[in-house]
Amino acid sequence: MRALSRAHALSNLPVARPHILAWARAFQNKAYEADFDPDELAEARKWRASFDESVLPRGQTSYSRSSGPGGQHVNKTESKATTVWPLGELSKSLPSLLRPALRSSKYYSKRNDSISIQAQTQRSRSANTDDNHQKLAEELLRIYKERVPGATSEEKVKKYEALEKSSREDRLRAKKHHSSKKAFRKGKGFEE
1 MRALSRAHAL SNLPVARPHI LAWARAFQNK AYEADFDPDE LAEARKWRAS FDESVLPRGQ
61 TSYSRSSGPG GQHVNKTESK ATTVWPLGEL SKSLPSLLRP ALRSSKYYSK RNDSISIQAQ
121 TQRSRSANTD DNHQKLAEEL LRIYKERVPG ATSEEKVKKY EALEKSSRED RLRAKKHHSS
181 KKAFRKGKGF EE
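Here the sequence shown stands for residues 1 to 192, numbered as in this note's numbering.
So, in structure tokens, the structure goes:
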């Protein structure tokens, strides 16, 4: 029984794929922010440093009857708030680095090309509307955290540059060695 479980465990190990490993190796010696435009990074970091919910557009809010418990209040009032922000309007207040990620948000509505958020947890319309704005702010900060890397220190940048240079030299040295080995074989004239 024990041997079966080991065999089963070994059969479930991921298979190493050389092309994936080579791709991963290509990126292991780079600073994370090396592939980003420095101006866009600066713009995004400046936006985050001065981020304020009140600067975001208010969007268009509609109200409807909410579901769930609440008795007569739920049946008589329209307290569920649905707020929609068209991407064109919302993009104006965001840095260019965050704009493409809006379409991958869980709140994105493809039909309207907008961000649509609903809230019905509170008994009042205004509280649910404020809840929508809070959810939008949280989503934008989540997208920022996901898309924008932290600032890389100068010493780390130098370290990665040295690693990249060393890696390049090792690769060239290996190529030259392989080339000289082939030239040596060819020069000897192995005959059958």
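Just so it is clear, CB atoms sit at the ideal spot from N, CA and C, and this is done for glycine as well. Here the structure is a predicted model, which means the values were calculated and not measured.
Check                                                                                                                      : Outcome
Cut-off 6 Å between Cβ atoms - residues of its own chain near Arg173, not counting five sequence neighbours on either side : none
Start-to-end residues for the alpha helix (DSSP H) that takes in Thr129                                                    : 125-147
Spatial distance of Lys135 from Gly88 (CA atoms)                                                                           : 19 Å
Inter-stretch contact at 8 Å, needing at least 3 Cβ pairs: the region 108-121 / the region 65-84                           : yes
Beta-carbon spacing of Arg45, His133 below 9 Å                                                                             : no
Coarse secondary structure for Ala116, derived from DSSP in three states                                                   : It should be noted that the sequence gives Ser, not Ala, for residue 116. In this structure, Ser116 counts as strand in the three-state DSSP scheme.
Buried or exposed by the 16-neighbour rule on C-beta atoms within 10 Å, applied to Leu94                                   : buried
Buried or exposed (CB count within 10 angstroms, at least 16 for buried), Lys80                                            : buried
Contact between the region 138-146 and the region 99-108 (3+ Cβ pairs under 8 Å)                                           : yes
Per-residue burial, Gln60 [other beta carbons within 10 Å of its own, 16 or more giving buried]                            : exposed
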